[in-house]
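In the working numbering, the protein residues as written are 120 to 347.
All C-beta atoms in this analysis are idealised placements derived from N, C-alpha and C, irrespective of residue type, glycine included.
All of these numbers come straight from a predicted model, not from anything done at the bench.
Please read the structure below before turning to the comments.
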């Protein structure tokens, strides 16, 4: 089966050469763009399966590229993996809030990049066209119609905010969500008052998950994700 095309938006020729070689060796067709403006144009024209996006680009930077792609109907559903130098924590948070799916910190290994690409493509194939009403992750089962969470066969009581938060994370394992993004998800636009302290909700959920406590991972300085 043919694999999805990868768009690599990166200005460092050594990184481009390395990643293109390793990805193509794994069977992924790779197209490249050396600056942000060309990256946006290429994404719109070629509609790749995944975009690897460097944040430090000449001209239009990576965050602006991400913003443009996520605002465009033709490209907003393309998964974006940001490639960023360590220490750019604020940029990581901003990128995730703009809709990026995950980030890879430099220096990285090509094996890590390939693993992340596979993971985001796997999540993409798991997305459903209709409404999803049930999620199973090992011993943890979420039933949206019943508003129930079962752990090892036993129903565990969850508050509305806790259920929404866990559902958001479990629906896309591996995707990193910022705290602000999770607040938006758990309030759901309702007029009811819900505790906005995400860390408190996560702590409570972990206790209720028992032996599956590690299902929710902490991404330091950014937020949380459900582990693959």
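Which of helix, strand or coil DSSP assigns to residue 163: helix
With 16 other Cβ atoms within 10 Å as the buried cut-off, status of residue 208: exposed
Per-residue DSSP class, three states only, for residue 183: helix
Buried versus exposed, by CB contacts within 10 Å (16 or more), residue 203: buried
Ordered list of alpha helix (DSSP H) runs contained in the stretch 122-149, each at least 4 residues: 132-144
Which listed residue (188, 210, 287) has its alpha carbon closest to that of residue 175: 210
The alpha helix (DSSP H) enclosing residue 214, as first and last residue numbers: 208-217
Selected residue, minimal CA-CA separation from residue 351, among 303, 285, 327: Nothing in the structure corresponds to residue 351, since the chain is present only between 120 and 347.
Closest Cα partner of residue 263 within the set 271, 277, 273, 257: 277
Contiguous beta strand (DSSP E) assignments of at least 3 residues, all confined to the stretch 269-319: 273-275
Cutoff 6 Å; reference residue 324; Cβ partners in own chain excluding five residues on either side: 281, 285
Reduced DSSP secondary structure (H/G/I, E/B, other) of residue 248: Per-residue confidence for residue 248 stands at a pLDDT of 41, beneath the threshold of 50, marking its modelled position as unreliable; the derived number appears in the next sentence. Coil.
Identity of the residues DSSP links to residue 194 by a beta bridge: Bridge partners of residue 194: none, in fact.
Among 279, 258, 265, the one whose alpha carbon lies nearest that of residue 272: 258
Residue 169: first and last residue of the uninterrupted beta strand (DSSP E) it sits in: 169-173
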